[in-house]
Structure formats: C-alpha cells, structure tokens
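In our numbering, the protein residues as written are 11 to 403.
Every residue, glycine too, gets a C-beta built ideally from N, C-alpha and C.
Read the structure below first, then the notes.
If you want it as structure tokens, here you go:
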C-alpha cells in the first residue's frame, strides 16, 4: 500500500509546487515587489486544475510536470480509457514522458478523473506511472470524483476518509499561463495515420496531374486549388465525410504553392476570407494586416473557431495520410499553427519538428518555431494574461 503524501511521509510534490517567475509590480516609493496567488496543498491544486485547463476533465488522466524550483511545467490530458489498453498506453505514456523530458520535468503528478471505483488503486494511472517512473524522480497519484479527492491506495482514514475529502474552492488564477497539451485520441493520431496503399497510389497520380496543370495558367490553377481547399473544409464541418484520394492529391499539390498555402492559413482566421483571396492573387495589403492582428494583437485577438479548427485538423490529417512524406510539411505546419493559436505551444513545437524533419528548412515551420521559442503567445492568450500573475502552488 502506498503512503499518502498527506500522511506526513516525505515532502509531497503537490504541497510544494513553486511558481514560474512572478509578476513584478511597483510599490510605494518606486520599490519593486512581487505578487503571487498562493495554492496551498493538494486539495487546492486539484481544485484549480479545471481553471488551468479551461475545462473540467471527465474520464481522463491529467499529468502535471514538475520542474523542481521552477515549479509547474507542462500539463497534459489523456483519455483514461486509452490508458487501460496495453497496446495503446505504452506508446502514449512514452509520448507523455518525452513531453515532460523536453520541458525539464523532474517529477509529475498524475490525477485520475473518473466515476469508476479507484479507491484501492487506479489501473490507468498505474500503467502511466510505470512508464514515467523510468525517467522521473517523483510521481504522485491522486483521484477526483464527485467533488472529492483522495490518494488511491491510502488506507488511513485520518487523511483520506472512505469517501474522500471535499475539494476546496479553486484559487483565482486570473488567466495564469500554463502550457497545456491536449492529447485526445484524434489529435495524437492526426499526423501519423497513413492511408492504404491503393489510396496513396491514386493520390500520388492526382498530385502529379494537378501539379502539371499549373504551368498553363498559374492564376486560374490557384483559384481552382483554393476552391478545393474551401470545399474540403466545408465538407468536413458539415459531415466529417472523408476526402477522396483524388481530391486529397490535388490539395496536397496545391499546398506546395506558397500562395495557396498562405491563403489556406488565413482561411482559418474568422472574417479573413477576402484577405485570403488577396494573398492567393499575390496581394499583401491592409486586409492581411487586419487578419494577422486578429491572431497576434491582444486588443483584437480571438481564439480559433472550434468548428473550423476541427475541420482543418481533419482535412490536414487526411492530406498527410495520402501525401508522400516529403510533401507533408505544409499540412503539418498548418496543424502546428492551429496548435499554437489554440495555446498549445508544446504540441506546436512538436509539429514544427515533424514538419522540419520531412522538409528541412521549410520556412513557415522555422518562423513558427522561432515564434514559439521566443515565447510569443497568440493575442487572445496574452490579452487574457495582462496584469495577471502565475500562482505559487
């Protein structure tokens, strides 16, 4: 039986999580001081996770990386059901471990959100833990259910009553910024899925034929290519019907053209259809600047439209599945842009790495990767974080 961190054994990760660098504010007489909202103990940490994620997890595992004195690092949510499938959980947990290693984590907190009985132990969390403990010094497990929390396997009623402890009120974090990785099944498999051999052959022939048509009338070719992209997005939004290999091949060929690719990126920004058409025809005007401000400037920024973003991910995944490896960079980079815009810098970096692995020197992926490494966040996230602080947990 594991000893519960609340029982006084050792120093629990969840009771000593340090913050990232605090906000510096100006006090009287010009002196500087720092301010921190404080999270005390595992209960407040667990109660605050939904605010940090932006939603309440259900039938999920949430993994929080701990970076020693630097405090909270990357946070990941995965489907709990996946962690109960042996052939799925091992690669999934190793992917989590890779994210944690990249982020400099030395420990992790694994939280199970489920209606199942995990009072004695959580098989899903145990499966993930068994992989993470190969590379991490400390791992804690907790469970949350029906507004209460407990340490699975703790038999001490003095710290973990049979029905758990009530979650305290969450700490007001006012938009504190933590990097969150969403690892739902459709996102994890978005780039690695491969179509059948015959479908890829059909798509390959379509790529060659469509690319050959460009030289006769490039402007007309771009217009038709753009129409194929727009139609594919609309179809994905309406019915999630798969793209045919022939259409996939045409769009893959189209996105190798920089104007078509840039127009495709702009088409994902609400209200930017005219700007996208302008880019398609080689114009870089005030409409393009306005579209970019919708992504970058806190005063005007919006989050991605969820329906359009899901459609774009579905289309790009289908295109990657049909495309030769060396021609996947445009679609992977669009996926990276969507991840960054949605606030998932870790996944965006991973996708940029994938794009550059198939096409070293791919400029858009390099620019996006540099943006992320300079810690430039999308405008909506910077706007939400203005005049706020990160928590001391």
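Fill in: residue 389 versus residue 343 - alpha carbon distance
19 Å
Item to complete: Excluding the 5 residues preceding and the 5 following residue 269 in the sequence, name in chain order all residues of the same chain whose CB lies nearer than 7 Å to its CB.
Response: 232, 289, 290, 292
Worksheet item: Since residue 316 is in the alpha helix (DSSP H), which residue starts that stretch and which ends it?
Response: 316-332
Discussion item. Short of 8 Å in beta carbon distance, which residues of its chain neighbour residue 180, apart from the five on each side in sequence? Order them along the chain.
Written reply: 54, 57, 58, 60, 61
Discussion item. Output needed for residue 118: all residues of its chain with C-beta closer than 7 Å, excluding positions within five of it in sequence on either side, in chain order.
Written reply: 73, 74, 75, 76, 110, 142, 146, 149
Practice prompt. Please classify residue 5: does DSSP put it in a helix, a strand, or coil?
Written response: No information on residue 5 is available, as it lies outside the stretch 11 to 403 that the chain covers here.
Discussion item. If I measure Cβ to Cβ from residue 252 and keep anything under 8 Å in the same chain, skipping five residues before and after, which residues do I get?
Written reply: 328
Worksheet item: Is it right to say residue 89 is buried, meaning 16 or more other beta carbons lie within 10 angstroms of its own, or is it exposed?
Response: buried
Item to complete: Can you tell me the Cβ-Cβ gap for residue 332 and residue 258, rounded? I've got them flagged as a contact below 8 Å.
Response: 4 Å
Item to complete: Using the Cα positions of residue 153 and residue 307, report the straight-line distance between them to the nearest angstrom.
Response: 39 Å
Worksheet item: Can you check whether the CB of residue 84 is closer than 8 Å to the CB of residue 113?
Response: yes
Worksheet item: So, using beta-carbon positions, are residue 260 and residue 216 closer together than 8 Å?
Response: yes
Discussion item. With the cut-off set at 8 Å, would you say residue 131 and residue 171 are in Cβ contact?
Written reply: no
Practice prompt. Taking all protein chains shown into account, decide if residue 330 is buried (16 or more other Cβ within 10 angstroms of its Cβ) or exposed.
Written response: buried
Fill in: Span of the alpha helix (DSSP H), counted from its first residue to its last, around residue 95
Careful: residue 95 lies outside any alpha helix (DSSP H) and carries neither H nor E.
Practice prompt. Can you grab the Cα-Cα spacing for the pair residue 207 / residue 255, in whole Å?
Written response: 11 Å
Fill in: residue 334 to residue 120 span [Cα, whole Å]
38 Å
Discussion item. Considering just the uninterrupted stretch of the beta strand (DSSP E) at residue 72, what are its terminal residues?
Written reply: 70-76
Worksheet item: Helix, strand or coil: how does DSSP classify residue 154 here?
Response: strand
Fill in: Delimiting residues of the beta strand (DSSP E) encompassing residue 87
82-89
Worksheet item: What's the gap between the Cα of residue 9 and the Cα of residue 341?
Response: The shown model of the chain, from 11 to 403, leaves out residue 9, and the question about it has no answer.
Item to complete: Following the continuous alpha helix (DSSP H) through residue 346, name the residue where it begins and the one where it ends.
Response: 339-351
Worksheet item: Is residue 128 helix, strand or coil by DSSP?
Response: coil
Worksheet entry | Own chain residues within Cβ distance below 7 Å of residue 133, not counting five before or after | 94
Worksheet item: Where does the unbroken alpha helix (DSSP H) through residue 141 begin, and where does it stop?
Response: 133-142
Worksheet item: Which residue comes first and which comes last in the alpha helix (DSSP H) that contains residue 292?
Response: Where residue 292 is concerned, there is no enclosing alpha helix (DSSP H), given that its DSSP letter is neither H nor E.
Worksheet item: Helix, strand or coil: how does DSSP classify residue 392 here?
Response: helix
Worksheet item: Taking residue 245 as the reference, which of 271, 320, 296 has the closest Cα?
Response: 320
Item to complete: Look at the alpha carbon of residue 345 and the alpha carbon of residue 365, and state the distance between them as a whole number of angstroms.
Response: 10 Å
Worksheet item: What do you reckon, are the CB atoms on residue 375 and residue 362 nearer than 8 Å?
Response: yes
Worksheet item: CA-CA distance, residue 158 and residue 175?
Response: 5 Å
Worksheet entry | Close-in-space but distant-in-sequence residues of the same chain around residue 68 (CB under 7 Å, 5 per side omitted) | 123
Worksheet item: Just the Cα atoms here: how many angstroms apart are residue 223 and residue 214?
Response: 15 Å
Discussion item. I'd like the span of the alpha helix (DSSP H) that includes residue 214, first residue to last.
Written reply: 207-222
Practice prompt. Could you have a look at residue 148 and say whether DSSP puts it in helix, strand or coil?
Written response: strand
Worksheet item: Out of curiosity, what's the CA-to-CA distance linking residue 285 and residue 97?
Response: 46 Å
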